[in-house]
Amino acid sequence: MVAKGLVIAFVGMVGTLLTLWLLTLIVEGLKRLFPYREEEEETNDKGRS
Amino acid sequence: MEEIIITGISALTSGLSAITIQNIIMIAVGCGLLYLGIKKGYEPLLLVPIGFGAILVNIPLANLMGSDGLLRHFYEFGVANEVFPCLIFIGIGAMTDFAPLLENPRILLLGAAGQFGIFLTFLIALLLGFNLLDAVSIGIIGACDGPTAIYVTSKFAPHLLGAVSVAAYSYMSLVPLIQPPIMRMLTTKREKLIRMEYPSQKSVSKKVKLLFPIVVTIVCCIIAPMGTPLMGMLMLGNLMKESGVVARLTKASENEIANIVTLLLGLSIGGTMDGNIFLKPQTLIVLALGLLAICLDTVTGVLFGKLMCFLSKGKINPLIGAAGISAYPMAARVVQIEGRRYDTNNWLLMHAMGANTGGQIGSVMAAAIVLSVLKGVGLG
Chain A
1 MVAKGLVIAF VGMVGTLLTL WLLTLIVEGL KRLFPYREEE EETNDKGRS
Chain B
1001 MEEIIITGIS ALTSGLSAIT IQNIIMIAVG CGLLYLGIKK GYEPLLLVPI GFGAILVNIP
1061 LANLMGSDGL LRHFYEFGVA NEVFPCLIFI GIGAMTDFAP LLENPRILLL GAAGQFGIFL
1121 TFLIALLLGF NLLDAVSIGI IGACDGPTAI YVTSKFAPHL LGAVSVAAYS YMSLVPLIQP
1181 PIMRMLTTKR EKLIRMEYPS QKSVSKKVKL LFPIVVTIVC CIIAPMGTPL MGMLMLGNLM
1241 KESGVVARLT KASENEIANI VTLLLGLSIG GTMDGNIFLK PQTLIVLALG LLAICLDTVT
1301 GVLFGKLMCF LSKGKINPLI GAAGISAYPM AARVVQIEGR RYDTNNWLLM HAMGANTGGQ
1361 IGSVMAAAIV LSVLKGVGLG
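Heads up: the protein sequence lines correspond to chains A and B, in order.
End of the first sequence sits at 49 in the numbering used here; the numbers just go up one at a time, nothing left out.
End of the second sequence sits at 1380 in the numbering used here; the numbers just go up one at a time, nothing left out.
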């Protein structure tokens, strides 16, 4: 059972770290794809209000 | 006539004669939780209903957790089928601002490191003789995230639900006492003094904020499908907030729904604290391991922060690693206070908030991965 536990712990730690690293890359990509533009954001905000 | 009076009086005293020492102890524990919630202000929204539920369930002959008892209905309605934790997650998502995290996405990794305590405690629980499912439920206290702990425990070890949820919520409120000594011990004065840069202008567009919850849901749920209810609800709440087009639903999620569910969830958890079931050495071990889990989370978070500090050539203050444990937003505030103890002009709050929201995603992801792995080995 301890061997099974070690596998679960290892997969859990590595899996969590890799998934969040992947999310980091995706967010960086999204930021490059849709950069912040002040004018556009202001228009969006006005449209909403 | 005399006989009727005696029978009537004895009926009134039957509750007193049926009370056990375990009931008395748990009523005292319930009062203690009420004291912590009301007088000390530790997580009152949960400790008050939990404490009162603990008192109610220990009233002899009232049988509130019996098959027809009121607390049993609440429990079956929302805890046994994991509905309440998921509903609370919609509210949490609607209340969370991921902007600090999106400004500096690298600190999302701290949210992963802050969950390692879950797995280390899980291994320790296994070594202490708990079975796999119990050990997972104990380790998950380290998620420092009440709904996640309740979700996992109600699935795998419902008999530990009372102990796990009390530990999760009470330790979460004790984060300002638990974390600082560990943070001080693991960082040098030079590291504590590191000031982190703030972006000179905003770098996250509305489109990125909108796409973030959708992308996180798709990616995380494909990797660990068993966590879809938790991650899905968290991100749905956030999408509603960021879209701005469903203000009524967002408001209801962060207020009415979250409040009602919190009340019923607290009472249901209190209902699991029947002295005759709850009072056993195992409960004390669970509470001790829960504390250990949060300490280990802090240790791994700060150590990972030190690694990132080294790799970034001193641009990241390792103290923010402590905020990777979730416990939103207490852990971030602790980091800010600790940073300012050594440099009154050091503003770490925004970065710590980023790590803290990363911790929220990390804790759900860690739970989702464990659920999926257990399912994979035929235990889920």
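Beta carbons: idealized from backbone N, C-alpha and C, even for Gly.
Between the alpha carbons of Pro1229(B) and Leu1012(B) lies a distance of about 47 Å. With a cut-off of 8 Å on Cβ pairs, the segment 1269-1282 of chain B is in contact with the segment 1068-1086 of chain B, counting three or more such pairs. Against chain A, a Cβ distance below 8 Å from Ile1361(B) picks out Leu20, Leu23. The contact set of Ala9(A) on chain B, defined by CB atoms closer than 8 Å, consists of Phe1119, Leu1120, Phe1122, Leu1123 in chain order. Each of Lys1241(B), Met1308(B), Ile1194(B), Val1302(B) was checked against the Cα of Tyr1342(B), and the nearest Cα belongs to Ile1194(B). When secondary structure is reduced to three states using DSSP, Pro1105(B) falls in the helix class. The alpha-carbon separation between Met1095(B) and Phe1116(B) amounts to approximately 26 Å. For secondary structure counted as the alpha helix (DSSP H) over 4 or more consecutive residues, the segment 1249-1312 of chain B holds these complete runs in sequence order: 1258-1271, 1275-1278, 1281-1311. Bounds of the alpha helix (DSSP H) holding Trp21(A) are 2-33. When 8 Å is used as the limit between beta carbons, Ala1054(B) is near no residue of chain A, the shortest such separation being about 32 Å. Counting every other CB atom within 10 Å of its CB across the protein chains shown gives Val1373(B) a total of 16 or more, marking it as buried. Against chain A, a Cβ distance below 7 Å from Val1370(B) picks out Ile8, Gly12. Taking every protein chain shown into account, the CB of Leu1108(B) has 16 or more other CB atoms within 10 angstroms, so this residue is buried. When C-beta distances to chain A are compared with 8 Å, the residues of the segment 1210-1226 of chain B below that value are Leu1211, Phe1212, Val1215, Val1216, Val1219, Cys1220, Ile1223, Ala1224, in chain order. Counting other Cβ atoms within 10 Å of its Cβ, Thr1007(B) stays below 16 and is therefore classed as exposed. For Gln1115(B), the three-state secondary structure derived from DSSP is coil.
One Cα belongs to Leu6(A), the other to Pro1060(B), and the distance between them is close to 44 Å. Within its own chain, the residues whose Cβ lies closer than 7 Å to the Cβ of Gly1237(B), once the five positions on either side in sequence are excluded, are Phe1089, Ile1090, Gly1091, Ile1092, Gly1093, Ala1094, Ser1253, listed in chain order.
For Leu1126(B), the closest Cβ of chain A is nearer than 7 Å.
DSSP, reduced to helix, strand and coil, places Thr1228(B) within a helical segment of the structure shown. In chain order, Phe1098, Leu1102 place their CB closer than 7 Å to the CB of Phe1212(B), counting only its own chain and leaving out the 5 sequence neighbours on each side.
The C-beta of Phe1116(B) comes closer than 7 Å to at least one C-beta of chain A. In the structure shown, Met1095(B) adopts helical secondary structure according to DSSP, grouped into three states. Look at the beta carbons and you see the segment 1283-1294 of chain B touching the segment 1155-1175 of chain B: at least three pairs across the two are nearer than 8 Å. Met1233(B) is positioned such that its CB atom lies no closer than 7 Å to that of Lys1375(B). In terms of Cβ geometry, Val1286(B) and Phe1084(B) do not form a close pair [threshold 7 Å].
For Met1365(B), the uninterrupted alpha helix (DSSP H) run begins and ends at 1349-1376, by DSSP. Nearest to Gly29(A) by C-alpha distance, out of Ala1332(B), Val1215(B), Ala1323(B), is Val1215(B). For Ala1331(B), the uninterrupted alpha helix (DSSP H) segment begins and ends at 1330-1342.
Under the three-state reduction of DSSP output, Met1001(B) falls in the coil class, being neither helix nor strand. Look at Gly15(A): its C-beta is under 7 Å from a C-beta on chain B.
Apart from the 5 residues on each side of it in sequence, Asn1063(B) sits with its Cβ closer than 8 Å to the Cβ of Gly1069 in its chain, given in chain order.
With fewer than 16 other beta carbons inside 10 angstroms of its own, Phe1310(B) counts as exposed.
Counting only the Cα atoms, Ser1326(B) lies some 15 Å from Gln1336(B).
By the C-beta density criterion, Gly1314(B) is exposed, having fewer than 16 other C-beta atoms within 10 angstroms.
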